[in-house]
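Beneath this line is the structure, given in structure tokens, with notes to follow.
Number of protein chains: 2
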Amino acid sequence: MVIRVGIYGYGNLGRGVESALRQNADMELVGIFTRRDPDSVHSVTGAPVYAASAADDFKDQIDIMILCGGSATDLPELTCRLARSFNVIDSFDTHASIPEHFASVNASAEASGHVALISGGWDPGVFSLMRLYGEVFLPDGKSDTFWGPGVSQGHSDAVRRIPGVLDARQYTLPVEESVEQVRAGKMPELTIRQKHRRLCYVVAEEGADKESIRQQIVTMPHYFDEYDTQVVFISAEEMKEKHSRLPHGGFVFRTGVTGERFSQKETMEFGLHLDSNPEFTGSVLCALARGVYRLVQRGESGCRTVFDLPPAYLSPLSGAELRAKLL
Amino acid sequence: MVIRVGIYGYGNLGRGVESALRQNADMELVGIFTRRDPDSVHSVTGAPVYAASAADDFKDQIDIMILCGGSATDLPELTCRLARSFNVIDSFDTHASIPEHFASVNASAEASGHVALISGGWDPGVFSLMRLYGEVFLPDGKSDTFWGPGVSQGHSDAVRRIPGVLDARQYTLPVEESVEQVRAGKMPELTIRQKHRRLCYVVAEEGADKESIRQQIVTMPHYFDEYDTQVVFISAEEMKEKHSRLPHGGFVFRTGVTGERFSQKETMEFGLHLDSNPEFTGSVLCALARGVYRLVQRGESGCRTVFDLPPAYLSPLSGAELRAKLL
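Chains V and R supply the protein sequences, listed in that same order.
One point on numbering: in our numbering, the residue at position 2 of the first sequence is 2, and numbering is uninterrupted.
Offset between the second sequence (1-based) and our numbering: plus 1000.
As structure tokens, then:
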């Protein structure tokens, strides 16, 4: 049995999903759907590329559509709309808007009889699972999530919008001393500034006022003002040579107390070290798509998240194989 | 809604479950069942203690029975038998016998209309979940599990059976250099000896031949002969003072390759650092018991494992609360 997959949107994440599908023998890529001119887009694996507007013609040939549409601003509308014709999965990551997004996607998917999974990927996604397991296995404790070292696309874009900036790359870095305190089970109360710092590489226009650019970055509300931020000016060549990759990662910690006098400490730590953020995200989306397909086979419909998928559903192996091999 | 729980077996693990139940406000301890004389057993929290033989009288007052019965040799018979009267959960950990145990418990639970979850705890259990997530999120890769530093009860018992040994405590230790290689994404092929070493603290009878005891330990088939083992003779006082706790832990790693040329490396690492092995195991069993109860409410029956429980089922929070707080 092969799961027939479509990719909707073909940027870094779409290419990540395309590569990952080759590593999942029970999945098959039917086509890539793009809002650009399909003739101008060449897929990495030679998979056919179609116009996004033609997606509905493939309703009966695609078991699940993986949404890799660019920005978080697209997804609220896009996931709802595509859930009318397809089982879908997205990687919606605006944490504060998840309840609202869930409600509207759920209405759309229930009405059309499809299953939609929102907020797949590694955070939200894999890290969310780890936060949940941390809380349930150690109900009396403290959780901490650290991100990085890694490139934040949103922060890089914010710096690029400053006049005089030609290009920018922002790395989010966990504050090592704080990570070590949490790892040692000290359960410290940490401020925003104590958890992460920010490092910006900037290519400035010739003659630009670098000190003014630096000031505008470090004082930018929400993005930088609550963090210690270092700004480093580099050449366009150095940017291209040293900062064109998209590494990321981070840690989810849970420290809890147990026992008769709540005096014993237990620590759970989950870490990710990713050479490629979009490729790992794509790989996670493939496994979650398999899980969604299992729900479809069970006759379910509506919106789901990673919390709703039995782990076994993510694997191509049978229950007996999983128990013999991985339990 | 309160989940009514029974504890069957009252050793270290039973006490761990008893303590953990106080940290789960939606669960209530109905009673502890012991094969010893109940009048001789005093529970930590003052919960009533009953004779194991009277368990069936509590059929209608207990939603799930958590089996904390001693050795792995008890469970094959015990879980099957109790699944006739109760929804049950055990921590069966003889990896090679899991398929057989699953089959017999499944037959018993299906016949009686109960749900049974086997092999709960941290390994099998939490580590099994991490192995599964590792394989599905990075299908093209390599997995490694390291255990320790921690006390192995089975190995300690094996040393105690050697003539001339009064007491023994065996620590399993991960080989740090190997852990570092795996952590760095080098995907080394490691032998048994390269993954773990063993450290035994032994109290010998006065006048015993220590060199002979040491030889018998380090050459003991399966338990020690494939490992580098260090034997340290200590006094009974030192044993009591320094080695009466039951710490444990370990790591599950998954390193995989992604991308167009499978050239990018992604590493997932999960680590546990436990002051108390039985207390953490007990805490995990409580969360899993909640998951079993949810399956019961859905009208299911038969044998399950951690792989079958949607993560959300382990939490007392609603789906909406989980999405808002943890996703």
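Even for Gly, the Cβ is constructed at its ideal location relative to N, Cα and C.
As the structure is a prediction and not an experimental result, all values here were calculated from the model.
> For residue 1192 of chain R, is the classification buried or exposed, using 16 other Cβ atoms within 10 angstroms of its Cβ as the cut-off for buried?
Replying inline: exposed
> How about the stretch 1050 to 1062 of chain R and the stretch 286 to 306 of chain V: do they share at least three Cβ pairs that are nearer than 8 Å?
Replying inline: no
> Excluding five sequence neighbours on each side, which residues of the same chain lie with their C-beta closer than 7 Å to the C-beta of residue 102 of chain V?
Replying inline: 118 and 303
> Unbroken alpha helix (DSSP H) runs of length 4 or more, entirely within the stretch 7 to 90 of chain V: which are they?
Replying inline: 12 to 21 and 75 to 82
> Rounded to the nearest angstrom, how far is the Cβ of residue 1076 of chain R from that of residue 1095 of chain R, given a contact under 8 Å?
Replying inline: Actually they do not touch by this definition, with Cβ atoms about 14 Å apart.
>> Taking only three categories from DSSP, how would you classify residue 323 of chain V?
In response: helix
> How long is the line joining the alpha carbons of residue 78 of chain V and residue 1047 of chain R, rounded to whole angstroms?
Replying inline: 55 Å
> What number of angstroms, rounded off, separates the C-alpha of residue 1276 of chain R from the C-alpha of residue 323 of chain V?
Replying inline: 26 Å
> Roughly how far, in whole angstroms, is the beta-carbon of residue 270 of chain V from the beta-carbon of residue 1310 of chain R, given that I think they are within contact range, below 8 Å?
Replying inline: Actually they do not touch by this definition, with Cβ atoms about 19 Å apart.
>> Runs of 3 residues minimum, wholly inside the stretch 1077 to 1165 of chain R: which ones carry the beta strand (DSSP E) assignment?
In response: 1115 to 1117 and 1141 to 1147
> With respect to the beta strand (DSSP E) encompassing residue 1204 of chain R, which residues constitute its N-terminal and C-terminal limits?
Replying inline: 1196 to 1204
> Can you give the beta carbon distance from residue 1032 of chain R to residue 1285 of chain R, rounded, assuming they're within the 8 Å contact cut?
Replying inline: The pair is not a contact, with the Cβ atoms about 14 Å apart (cut-off 8 Å).
> Out of curiosity, what's the CA-to-CA distance linking residue 113 of chain V and residue 104 of chain V?
Replying inline: 14 Å
> Can the beta-carbon of residue 164 of chain V be found less than 8 Å from the beta-carbon of residue 205 of chain V?
Replying inline: yes
> If you follow the beta strand (DSSP E) that residue 1268 of chain R is part of, which residue opens it and which one closes it?
Replying inline: 1264 to 1274
> With DSSP run on the structure shown, which of helix, strand or coil describes residue 234 of chain V?
Replying inline: coil
> For the 8 Å Cβ check, are there 3 or more pairs between the stretch 1235 to 1245 of chain R and the stretch 1207 to 1223 of chain R?
Replying inline: no
> What are the start and end residues of each continuous alpha helix (DSSP H) run of 4 or more residues lying completely inside the stretch 277 to 320 of chain V, in chain order?
Replying inline: 277 to 297
> So what does DSSP say about residue 245 of chain V, is it helix, strand or coil?
Replying inline: coil
> Along the stretch 303 to 323 of chain V, what residues have a CB closer than 8 Å to any CB found in chain R?
Replying inline: 305, 306, 307, 308, 309, 310, 311, 312, 314, 315, 319, 320, 322 and 323
> What are the boundary residues of the alpha helix (DSSP H) that includes residue 1183 of chain R?
Replying inline: 1176 to 1183
> If the cut is a Cβ gap below 7 Å, which residues of chain R does residue 24 of chain V touch?
Replying inline: 1139
>> Counting only beta-carbon separations shorter than 8 Å, does residue 133 of chain V have a partner in chain R?
In response: yes
> Using the beta-carbon of each residue, which ones in chain R are nearer than 9 Å to residue 272 of chain V?
Replying inline: 1266, 1267, 1268 and 1269
> Going straight from the alpha carbon of residue 1287 of chain R to that of residue 90 of chain V, what length do you get?
Replying inline: 29 Å
> In three-state terms, what does DSSP make of residue 193 of chain V?
Replying inline: helix
>> Against residue 275 of chain V, what residues of chain R qualify as contacts under a CB-to-CB distance less than 7 Å, listed in chain order?
In response: 1264, 1265 and 1266
>> Distance check for residue 161 of chain V and residue 1127 of chain R, CA to CA, integer angstroms please.
In response: 45 Å
>> Pop quiz: residue 236 of chain V and residue 202 of chain V are said to be a contact at Cβ under 8 Å. What is the actual Cβ separation, rounded to whole angstroms?
In response: With a Cβ gap of about 11 Å, residue 236 of chain V and residue 202 of chain V do not count as contacting.
> In three-state DSSP terms, what is residue 261 of chain V?
Replying inline: coil
> Can you name the residues of chain R whose CB is closer than 7 Å to the CB of residue 102 of chain V?
Replying inline: 1323
> Quick one: is residue 1222 of chain R buried, meaning 16 or more other Cβ sit within 10 Å of its Cβ, or exposed?
Replying inline: exposed
>> With a threshold of 8 Å between beta-carbons, can residue 11 of chain V be considered close to chain R, or not?
In response: no
> What in chain R is Cβ-close to residue 75 of chain V, meaning under 7 Å?
Replying inline: None at all; the shortest Cβ gap to chain R is about 15 Å.
> residue 1259 of chain R versus chain V: which residues are under 7 Å apart at the beta carbon?
Replying inline: 19, 276 and 279
>> Does chain V have any CB closer than 8 Å to the CB of residue 1188 of chain R?
In response: no
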